[in-house]
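Keeping their order, the protein sequence lines are chains A and B. So the mapping is simple: this note's numbering equals the position in the first sequence, first residue as 1, plus 114. So the mapping is simple: this note's numbering equals the position in the second sequence, first residue as 1, plus 114. One structure is given here, and the rest of the page talks about it.
There are 2 protein chains.
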Amino acid sequence: MANKKKTTIKDIANVLGITPSAVSKALNNHPRISDKTKTAVLQIAKNLDYQPNYLASALRKGKSNLVGVIIPKANSHFFSSIIEKIEEVLNNKGYNVIIAQSNESYEKECKSIDALLYTQVDGIIASMANETVKLDYYEKIKSKGIPLILFDRGENDLNVDYVGIDDYLSSQMVIEHLVAQGSKRIAHIAGFSHTRIYKNRIRGYRDALEKFGLPIEDSLIVESNLRIEDGRKIMKQLLELKERPDAVYAAGDYAALGALQVMQENNIRVPDDMALVGFSNEPFTSLVTPSISSIEQHSEQIGQIAAKTLLKRIETKNKNVSLNKLILQPELIVRASSKKLQ
Amino acid sequence: MANKKKTTIKDIANVLGITPSAVSKALNNHPRISDKTKTAVLQIAKNLDYQPNYLASALRKGKSNLVGVIIPKANSHFFSSIIEKIEEVLNNKGYNVIIAQSNESYEKECKSIDALLYTQVDGIIASMANETVKLDYYEKIKSKGIPLILFDRGENDLNVDYVGIDDYLSSQMVIEHLVAQGSKRIAHIAGFSHTRIYKNRIRGYRDALEKFGLPIEDSLIVESNLRIEDGRKIMKQLLELKERPDAVYAAGDYAALGALQVMQENNIRVPDDMALVGFSNEPFTSLVTPSISSIEQHSEQIGQIAAKTLLKRIETKNKNVSLNKLILQPELIVRASSKKLQ
DNA sequence: TATTTTTGTTCAAACGTTGAAACAAATGTA
DNA sequence: TACATTTGTTTCAACGTTTGAACAAAAATA
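This is the structure:
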């Protein structure tokens, strides 16, 4: 109700009998303003409950101090912890973060990009929707000269900074581990191969199998959206094969969970009859019985690096710094679902 | 690299030989501008890839079309789906959403509020951190005349719109259900009673026990932060009582999960020896074995109502509309962890 | 034909902040 | 004492858009 006019630097100036410009400079700690004036301004500012108008300063300075983050979905631990880190780093530098969820939809992603551009964000950090194949909207960001950092789901063709883990190596680690546990026939519940990260996981899986002389069969590799339902459906398919696999490597934890449910419903002993490894190290993997082995992607690090890289880009805009492709080392967390020996 | 000057309405005006003012009016579909001019302006705008500068228009209009949302943590299904809905509703009305996580810390919450106020948001939707007891920062929002909507974690004393579920009734439903399943001694893993919602859940629990003539004992009610660890610790305590409970009602799903783990480690059959009900209906409750009964809070509805209420407030600012306290009906989802009969 | 109304546009100021340039006063240097 | 430098402040224009008032031309009315 008490909705009076907001106080501006002009009001402060009037009280002190100086100009708005002097007040502005005092507030920004300009070296040429006397300490006396500075303390006086600060005092009056507090008295009048002055709140600087970011819109005005942003307009004048051509800098909004807003950063956009586009993610497929916030409700996975992976993405939410990345966001948390990004926020932490950027808030400390005076930036605010606008989060947009694409819900894995290309259309929604485009809308979000437009909204962010309209809001005059100083930079964008994004992980692409599964659906996204056309890169036109990302090109648009680039063409406006707005710094863009991709993480996790990126595209090489775009030629921008990228942070992610080594998906190829991840698969190799998983297979190596499963082989060490005695697995001889390993299936892969894969993500869609048109997405780079999933393609790399498939490549790593194939190459590792080849290296160990294990069978690579198309019926053992099924692509999907990696949701629980997908994991369930594919697992049922796998159980119907003449020759069942003795291990399953899923490119996502939710799919792994679905697979686990089906295994249990079919009285398959995990890991003794069939071993299981997931991907992302979602918290629930350690909570279910048996707990699910998974790949830790170091999401906090990804978030931190993405944010810091963006800051660097914003600060050195136009100064043609070379591109950064940062590939982090994955970590295999071995849990009950794949621990046969001991 | 291609970082040319952005096109402004002035550029469009120059091309057409009219004034910026006319261009602005044309773009805003002003009735006094001729159709000929309007189409011409739209055409040139497209040609020059014109993007309106939101900062300038926001400054001039005194309206940022930005809305702040403060939540404790995005990684629960409950909060992330609320955000999704809020975004959906507000985006459709031309607003962008800034999300801030308090991480359950009062200090972080205050910082976030300051950041949002500085960003000149048109309104704030918030769910308070567990830690928050002092309401000074929320008063600050109100005193600036910025619409504020609370959801889930609110405070009656604040005198603002609120959306949430009927926590008291939820507890009653849970107890009624457990009693129907034959439980005679029901423990409550509670949230801290200084938070209104948890206080109400405790009240509902007590009153229901009284109604059914069941024992109300202090040793059966333990308050905590409701994380997994808390659930585990408290469950161990409960097992050490001379007289063990035969059912546990946890005010949060994570605490319920922790309790379940401890029960299983102690070879307690769930639900036969001990029944279990959680709260929030997090997705994992249906994924673990046995699946955990829980209370569905209709998060999408909460998000939608919160967003719509905010819109109404923004539109009718100062027009003294009466307060809205919207209390939704909870829904008890009965799963294996509490289904004894049949 | 004279007058009013409508239509389409321009003018000018404003939103609140910033920063380069200008300026006066105080201080330092020769 | 004369001049240069430093210090602290003011002046003024700008950022890009919006909006009410003003205005001229065209159309409608008397």
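Backbone N, C-alpha and C fix where the C-beta goes; we use that ideal spot for every residue, glycine too.
Residue i and residue j closer than 7 Å at C-beta
i        : j        : result
A:Gly305 : A:Leu262 : no
A:Ser407 : A:Ser451 : yes
A:Lys454 : A:Gly296 : yes
A:Ile213 : B:Ile196 : no
A:His191 : A:Glu396 : yes
A:Val235 : A:Val211 : no
A:Ile238 : A:Leu230 : yes
B:Thr423 : B:Asp275 : yes
B:Arg449 : B:Asp360 : no
A:Thr133 : A:Tyr164 : no
B:Gly366 : B:Phe393 : yes
B:Leu371 : B:Ile335 : no
A:Asp332 : A:Ser338 : no
B:Glu410 : B:Ile447 : yes
A:Pro404 : A:Val384 : yes
Identity of the residue in the options nearest residue i by Cα
i        : options                                : result
B:Ser284 : B:Lys298, B:Ile441, B:Ala154, B:Lys120 : B:Ile441
A:Gly208 : A:Met377, A:Ser216, A:Tyr168           : A:Tyr168
A:Glu223 : A:Val211, A:Asn244, A:Leu204           : A:Asn244
B:Tyr220 : B:Lys187, B:Gln234, B:Phe193           : B:Lys187
A:Asp386 : A:Leu292, A:Tyr232, A:Lys256, A:Ser436 : A:Leu292
A:Tyr368 : B:Val448, B:Glu337, B:Val402           : B:Val402
B:Lys350 : B:Ala127, B:Thr151, B:Gln378           : B:Gln378
B:Ile428 : B:Ile147, B:Ala127, B:Gly259           : B:Gly259
A:Leu425 : A:Glu354, A:Asn206, A:Ala370           : A:Asn206
A:Lys256 : A:Ile447, A:Gln443, A:Lys439, A:Lys431 : A:Lys431
B:Glu414 : B:Lys356, B:Ile382, B:Glu201           : B:Glu201
A:Gln286 : A:Phe326, A:Leu249, A:Asp250           : A:Phe326
B:Arg189 : B:Gly131, B:Lys254, B:Ser171, B:Ser216 : Sequence check: residue 189 of chain B is Asn here, not Arg. Of the candidates B:Gly131, B:Lys254, B:Ser171, B:Ser216, the one whose C-alpha sits nearest the C-alpha of B:Asn189 is B:Ser216.
A:Ile103 : A:Glu354, A:Asp250, A:Leu156           : This structure gives no information on residue 103 of chain A, because the portion of chain A shown stretches from 115 to 456.
B:Ser69  : B:Glu445, B:Arg346, B:Gln418           : There is simply no residue 69 of chain B to check, as chain B begins at 115 and stops at 456 in what is shown.
B:Lys75  : B:Leu328, B:Asn161, B:Ala140, B:Ala136 : One cannot answer for residue 75 of chain B here, as it falls past the ends of chain B, which runs 115 to 456.
A:Ala294 : A:Lys313, A:Asp281, A:Ala322, A:Asp280 : A:Ala322
A:Asn142 : A:Arg346, A:Asn161, A:Ser171, A:Ala364 : A:Ser171
A:Lys347 : A:Ala364, A:Val435, A:Glu357           : A:Ala364
A:Ile109 : A:Tyr312, A:Pro166, A:His308, A:Ser307 : Nothing about residue 109 of chain A can be reported from this structure: the residues present for chain A run from 115 to 456 only.
B:Lys119 : B:Leu162, B:Gly131, B:Ala154           : B:Leu162
A:Glu290 : A:Ala389, A:Ala154, A:Arg174, A:Leu173 : A:Ala389
A:Thr233 : A:Ile123, A:Gly131, A:Val181           : A:Val181
B:Gln443 : B:Ser135, B:Tyr282, B:Ser138, B:Glu253 : B:Tyr282
Cβ-Cβ separation, residue j to residue i (assumed contact under 8 Å), whole Å
i        : j        : result
B:Gly268 : B:Arg310 : 7 Å
A:Ser241 : A:Asp266 : 5 Å
A:Lys199 : A:Ala373 : Not quite, the Cβ-Cβ distance comes to about 30 Å (not below 8 Å), so this is no contact.
B:Ile330 : B:Arg320 : 6 Å
B:Val376 : B:Ala301 : Actually they are not in contact, since the Cβ atoms of B:Val376 and B:Ala301 sit about 12 Å apart, beyond 8 Å.
A:Val203 : A:Ile416 : About 12 Å separates the two Cβ atoms, so there is no contact after all.
B:Val391 : B:Val247 : Contact doesn't hold; Cβ gap of about 28 Å is too wide.
A:Ile158 : A:Val129 : 5 Å
* **Contact set between the stretch 191-215 of chain A and chain B, restricted to residues whose Cβ is under 8 Å from the partner** => His191, Ser194, Ser195, Ile197, Glu198, Glu201, Asn205, Asn210, Val211, Ile212, Ile213, Ala214, Gln215
* Asked: What are the complete alpha helix (DSSP H) segments, minimum 4 residues, inside the stretch 153-231 of chain A?
  -> 168-175, 191-206
* Note down, one range per segment and in chain order, each beta strand (DSSP E) of at least 3 residues found wholly within the stretch 268-349 of chain B. => 275-279, 300-305, 335-338
* Proximal residues, the stretch 162-179 of chain B versus chain A, C-beta separation under 8 Å -> Gln165, Pro166, Asn167, Tyr168, Leu169, Ala170, Ala172, Leu173, Ser178
* **Residues, ordered as in the chain, of the stretch 246-272 of chain B that lie near chain A by beta-carbon distance below 7 Å** => Ser257, Gly259
* Quick one, which residues of the stretch 229-244 of chain A are near chain B if we go by CB-CB under 7 Å, in chain order? -> Ala229, Leu231, Tyr232, Thr233, Gln234
* Asked: Along the chain, which unbroken stretches of the beta strand (DSSP E) at least 3 residues long are found entirely within the stretch 388-435 of chain B?
  -> 389-391, 408-410
* Asked: Of all the residues that make up the stretch 401-424 of chain A, which are near chain B by a beta-carbon distance shorter than 7 Å?
  -> Leu401, Val402, Thr403
* Please list the residues of the stretch 360-377 of chain A that have a C-beta atom closer than 8 Å to any C-beta atom in chain B, keeping them in chain order. => Leu371, Gln375
* Asked: Looking at chain B, which residues of the stretch 320-337 of chain A have a Cβ within less than 9 Å of any of its Cβ atoms?
  -> none
* Asked: Can you list, in chain order, the stretches of the beta strand (DSSP E) that have 3 or more residues and sit fully within the stretch 352-381 of chain B?
  -> 361-364
* Asked: Which runs of the alpha helix (DSSP H) fall wholly inside the stretch 233-259 of chain A and span at least 4 residues, in chain order?
  -> 250-257
* Asked: Listed in chain order, which residues of the stretch 127-148 of chain A have Cβ atoms closer than 8 Å to some Cβ of chain B?
  -> none
* Can you list, in chain order, the residues of the stretch 387-401 of chain A whose Cβ is nearer than 9 Å to any Cβ on chain B? -> Pro397, Phe398, Leu401
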